[in-house]
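Below is one structure; the comments refer to it alone.
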Amino acid sequence: MVETRNAPRFRAAMPAQIERAGDKISCTIRDISTLGAALQFLDTTDRIPARFTLIITEHGLKLPCRVAWRAPFRIGVAFLSE
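Just so we're on the same page, the numbering used here is the position in the sequence shown counted from 1, plus 36.
Structure representation (structure tokens):
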């Protein structure tokens, strides 16, 4: 398989939360790069908004994101410039 991503991704198992309008949903970052990440959820992803803030408490980060793709329990996100 040929890698077509613009930035290398690194596997992870890091706890995080997504936040939109005060609502927070827990997730796990499964891989991450400088441009985006893959997030895994315990429930289906149909209630995840198209844009939100990804909070990585362990690293003190709050990253604005947009959904790039969806699967039943995973989403791929692209990080947005503020």
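Every residue gets a Cβ at the ideal spot worked out from N, C-alpha and C, and that includes glycine.
query                                                                                                                            : result
Assigned secondary structure, Thr64 (DSSP; H/G/I helix, E/B strand, else coil)                                                   : strand
Cβ neighbour criterion (16 or more within 10 Å) applied to Gly72                                                                 : buried
Contacts around Pro44, its chain only, beta-carbon distance under 7 Å, and the 5 residues preceding and following it disregarded : Ser69
Cβ neighbours of Ser62 in the same chain (closer than 6 Å, five flanking residues each side left out)                            : Gln53
Contact under 8 Å by Cβ, Asp67 with Ala57                                                                                        : no
DSSP state of Thr81 mapped onto helix, strand, coil                                                                              : coil
Local Cβ density within 10 Å of Phe88, reported as buried at 16 or more and exposed below that                                   : buried
Beta-bridge pairing of Leu90 - partner residues as DSSP gives them                                                               : Ile54 and Leu99
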